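Since the structure comes first, as structure tokens, the remarks are kept for the end.
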Amino acid sequence: MKLPLGYLLLAWLLTLPPLTSVADVSDYRLGSGDVISITVFGEPDLSFSNIRLTDAGTVPYPFLGEVRANGLTPLGLADAITRGLRDGYLVSPRVTVNVVEYRQFYVNGEVRSPGGYAFQPGMNVRKAIALAGGRTERASNRKMYITREGQFGDGQRVTLDTAMRPGDILTIEESFF
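What follows is the structure, given as structure tokens:
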């Protein structure tokens, strides 16, 4: 029996990996330097765009003061603001929080332009090195390490396909041979 082309195309599409998984987006933890937007449905005076989290990982919000966002997911921050607004300000607030701009990640060591770069979903070590101008002639192909935000020590050895996160520090070491 011959299947119609539409069924074959659908079957093929279902075998492809997602570009970004839902878990990656829903598990994202806010931190100092992220830029977010907060929308309260039907309340333009309580909706804000392009708010950068402070060094302490907080966001100033009317009636609530400094709201702690550091370590929360966007959904968790929306829940915290909803609870605060429900406590004497609005009857049934509907709040959404979106990440407008992720905090930077950093590349150092044997790359042409070390420094901080804007994170984008889907970023991996290979793309980070490309953003940093590529490797120098002395760069090692194997001695690459990522130190995750909040982690101390030398970092964890990675490959070119290892996913980067906002706040990561990627170090490319020198090759001696």
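Going by this note's numbering, the sequence shown opens with residue 28, and the numbers climb by one from there. The beta-carbon is built from N, C-alpha and C at its ideal position, and this holds for glycine as well. Since the model is a prediction, treat every value here as computed from it, not as a measurement.
What number of angstroms, rounded off, separates the C-alpha of residue i from the C-alpha of residue j?
i, j, result
"G17", "Q131", "Absent from the structure is residue 17, since the part of the chain shown begins at 28 and ends at 204."
"A145", "Y129", "7 angstroms"
"V138", "G180", "21 angstroms"
"L102", "R165", "44 angstroms"
"V185", "D54", "21 angstroms"
"N168", "L104", "40 angstroms"
"Y88", "G58", "16 angstroms"
"G69", "L117", "11 angstroms"
"D106", "L187", "37 angstroms"
"V94", "F203", "49 angstroms"
Compare the Cα-Cα distances from residue i to each of the options and report the closest residue.
i, options, result
"R121", "V127, D114, I108 and Y133", "I108"
"G60", "D54, E70 and T85", "T85"
"P148", "V118, A105 and V127", "V127"
"T18", "S202, I156, E201 and S167", "Any question about residue 18 goes unanswered here, given that the chain covers just 28 to 204."
"R192", "F75, M150 and T163", "M150"
"D195", "L187, S202 and V152", "V152"
"D82", "P71, G98 and S76", "G98"
On the premise that residue j lies in contact with residue i, defined as a C-beta separation below 8 angstroms, what is that separation, rounded to the nearest angstrom?
i, j, result
"L80", "A96", "6 angstroms"
"T100", "R56", "6 angstroms"
"N125", "I63", "6 angstroms"
"K154", "E200", "That pair is no contact at about 19 angstroms."
Excluding the 5 residues flanking residue i on each side, which residues of the same chain have their C-beta closer than 7 angstroms to its C-beta?
i, result
"S48", "With a pLDDT of 32 at S48, under the threshold of 50, the modelled position of this residue cannot be trusted, and the question is left open."
"P141", "V134, N135 and A159"
"R113", "P120"
"T163", "E137, V138 and R139"
Tell me which residues share the same chain as residue i and place their Cβ nearer than 6 angstroms to its Cβ, disregarding the 5 neighbours each side in the sequence.
i, result
"T198", "N135, G136 and Y172"
"G182", "Y172, I173 and T174"
"A50", "Its pLDDT being 34, under 50, A50 is placed unreliably in this model, and the value from its coordinates should be taken loosely. Contacts found: none."
"G161", "R139"
"T66", "S74 and T123"
"G143", "Q131 and Y133"
"S76", "S64"
"P71", "none"
"G115", "none"
Shorter than 8 angstroms, the distance from the beta carbon of residue i to the closest heavy atom of the ligand MN, or not?
i, result
"P101", "This structure simply doesn't include the ligand MN, nor any ligand for that matter."
Ordered along the chain, which non-local residues of its own chain (more than five positions away) have a Cβ less than 8 angstroms from that of residue i?
i, result
"F91", "The displayed chain sequence assigns Leu, not Phe, to residue 91. Taken in chain order, the residues that qualify are I108, G111 and L112."
Subject >> Ordered list of alpha helix (DSSP H) runs contained in the stretch 84-158, each at least 4 residues >> reply: 101-113 and 152-158
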